[in-house]
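One structure is given here, and the rest of the page talks about it.
As structure tokens, this is what we get:
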């Protein structure tokens, strides 16, 4: 069984691109200056729910589990080990001995419990990562934490590696968001200076359980746009430019003496949402036609200059269970199929499908208008579609989407935890996505996949789910 997609995947993450000023080889430098055009929202894991803020939090705090550097493999973090009850309903973590916050205050299991219950009570944007899964959390003793779950969760170790599970210093306000609190948690660095949207200075934490890092100071400078970021890099004001230079800048800098461009695979995806409660997107034939007409390769090559890869599923390439379901069903930029489906839906060159495509002009970078324009061109190439582009700044855009006011929108997704569940299940819960897609068969498959303990069995279920989604 298949269902017309309410989401069409356009392209994967811009392979994560970092541009650095090169320097002679030798011992680790004592200071690194990083430039970004991104922002830090809340230095509080109870409310922070954006990519770059999480990057900062994972350097000034830590979880019971973590990802081994440079990999997507989980390994023990603040916990040295864990056990799972036979029914999968309880996870018990044993903490490392002699853990300390960045000011030398001892950290115990009670701090883990206090911090997680604080997240649950404040109930900010990332709280669902706890509240959807955890019924209760208790300190068995000073070095042991037990989680009682609402249902078995096969990927729970990945959840406790996310910031909402990070223990925070007692200085954080117990029942309200503490956006500019710099006390941090238990991480490799601690904050010594914080000027919002200007500069963040991190210092190696002498109390970290692995010992202070070799690089003693990390300075993060915030720039208003990609032009200012590039100028700072070329002037030697920063050592690293990351998030985000324009694709054209990245391509140009590859040939510059003294500058090195580093590209690695990423897990960030882009997609189109079609709201099934707003005509004409309530018609499966229309949704299928638009899915068939999208030209992913043109987006990747013409706009992102090879820093992205076409994606034909919500689950990214390289992740176990990935399947090119959209490619298998629709092909690439398949105008013949799109025209056929549009005709079946009652449209023609004289009776065109008229739709609005919404995008947000800055949140995903200043190439977003170009992405929207190429999608418009691909759809209009059928001769049966007329597209009007509309835009709104991020806060308004998100509000309108969640209220179900927009028909077709462009979005991106950074993973909360590295598991196929995070690329699928959030959209089965239609209460916040605003696109009103509901499929009982798909929901049943995803619910089953989330509790299966054997990876191979989970993979088969996610493969079936991707086919249904297409």
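Numbering (our numbering), first residue to last: 183 to 652.
Glycine included, C-beta positions come from ideal geometry on N, C-alpha and C.
Could you check where the beta strand (DSSP E) with residue i kicks off and where it finishes?
i           : result
residue 422 : 422 to 424
residue 247 : 247 to 249
residue 584 : Careful: residue 584 lies outside any beta strand (DSSP E), inside the alpha helix (DSSP H) at 576 to 584.
residue 463 : Element bounds for residue 463: n/a, residue is neither H nor E.
residue 439 : Segment: none, residue 439 is in no beta strand (DSSP E) and carries neither H nor E.
residue 299 : Note, residue 299: premise wrong, no beta strand (DSSP E); alpha helix (DSSP H) at 291 to 304.
residue 591 : 590 to 595
residue 385 : 381 to 386
residue 359 : It is not in any beta strand (DSSP E) - residue 359 carries neither H nor E in the DSSP assignment.
residue 376 : 371 to 377
residue 215 : 213 to 218
residue 454 : 451 to 456
Cα separation between residue i and residue j?
i           : j           : result
residue 212 : residue 370 : 14 Å
residue 541 : residue 592 : 5 Å
residue 263 : residue 275 : 6 Å
residue 571 : residue 555 : 8 Å
residue 585 : residue 578 : 11 Å
residue 436 : residue 430 : 10 Å
residue 504 : residue 374 : 42 Å
residue 596 : residue 233 : 7 Å
residue 495 : residue 404 : 34 Å
residue 598 : residue 549 : 24 Å
residue 568 : residue 576 : 25 Å
residue 372 : residue 378 : 16 Å
residue 194 : residue 291 : Because residue 194 carries a pLDDT of 42, less than 50, the predicted location of this residue cannot be relied on, and no value is offered for it.
residue 196 : residue 256 : Summary for residue 196: the model assigns pLDDT 46, below 50, so the residue's position carries little reliability, and this model does not support an answer.
residue 531 : residue 517 : 14 Å
residue 361 : residue 426 : 24 Å
residue 606 : residue 641 : 13 Å
residue 321 : residue 293 : 9 Å
residue 551 : residue 543 : 6 Å
residue 206 : residue 306 : Note that residue 206 scores a pLDDT of 42, beneath 50, so its modelled location is shaky; the value from the coordinates is reported in the next line. If I take the Cα positions, the gap works out to 45 Å.
residue 419 : residue 286 : 33 Å
residue 538 : residue 590 : 7 Å
residue 363 : residue 508 : 45 Å
residue 519 : residue 481 : 20 Å
residue 265 : residue 334 : 13 Å
residue 289 : residue 636 : 34 Å
residue 224 : residue 533 : 49 Å
residue 573 : residue 485 : 19 Å
residue 222 : residue 230 : 9 Å
residue 651 : residue 468 : 15 Å
residue 561 : residue 456 : 14 Å
residue 319 : residue 254 : 26 Å
Are residue i and residue j closer than 8 Å when you measure CB to CB?
i           : j           : result
residue 345 : residue 502 : no
residue 498 : residue 449 : yes
residue 173 : residue 353 : In the structure displayed, the chain extends from 183 to 652; residue 173 sits before or after that span and is not available.
residue 243 : residue 227 : yes
residue 624 : residue 610 : yes
residue 376 : residue 382 : yes
residue 214 : residue 424 : no
residue 342 : residue 245 : yes
residue 466 : residue 479 : no
residue 594 : residue 451 : yes
residue 348 : residue 297 : yes
Let's see if you can read the secondary structure: which residues bound the alpha helix (DSSP H) around residue i?
i           : result
residue 271 : Residue 271 -> no alpha helix (DSSP H), and no H or E assigned at all.
residue 318 : Residue 318 -> not in any alpha helix (DSSP H); beta strand (DSSP E) instead, spanning 316 to 323.
residue 512 : 507 to 512
residue 648 : 637 to 651
residue 653 : This structure cannot speak to residue 653, because the chain is shown only from 183 to 652.
residue 561 : 550 to 562
residue 521 : 517 to 526
residue 419 : Counting along the chain, residue 419 falls outside any alpha helix (DSSP H), and DSSP gives it neither H nor E.
residue 633 : 622 to 633
residue 543 : Where residue 543 is concerned, there is no enclosing alpha helix (DSSP H), given that its DSSP letter is neither H nor E.
What does the Cβ neighbour count give for residue i, buried or exposed, with the cut at 16 atoms within 10 Å?
i           : result
residue 421 : buried
residue 632 : buried
residue 620 : exposed
residue 417 : exposed
residue 483 : exposed
residue 559 : exposed
residue 439 : exposed
residue 240 : buried
residue 458 : buried
residue 488 : exposed
Is any heavy atom of the ligand GTP found at a distance shorter than 7 Å from the C-beta of residue i?
i           : result
residue 576 : Of ligands this structure carries none, so the ligand GTP is not represented either.
Exercise. Can we say the stretch 510 to 517 touches the stretch 465 to 482, given the rule of at least three CB pairs closer than 8 Å?
Worked result: The answer is yes - the stretch 465 to 482 touches the stretch 510 to 517, with three or more Cβ pairs under 8 Å.
For this session: May I ask you to verify whether the stretch 327 to 337 touches the stretch 270 to 290, counting CB pairs closer than 8 Å and requiring at least 3?
Result: Counting Cβ pairs under 8 Å, three or more are found: they touch.
Problem set entry | contact_flag[the stretch 281 to 292, the stretch 307 to 315] where n(CB pairs < 8 Å) is 3 or more | Verdict: no, contact absent.
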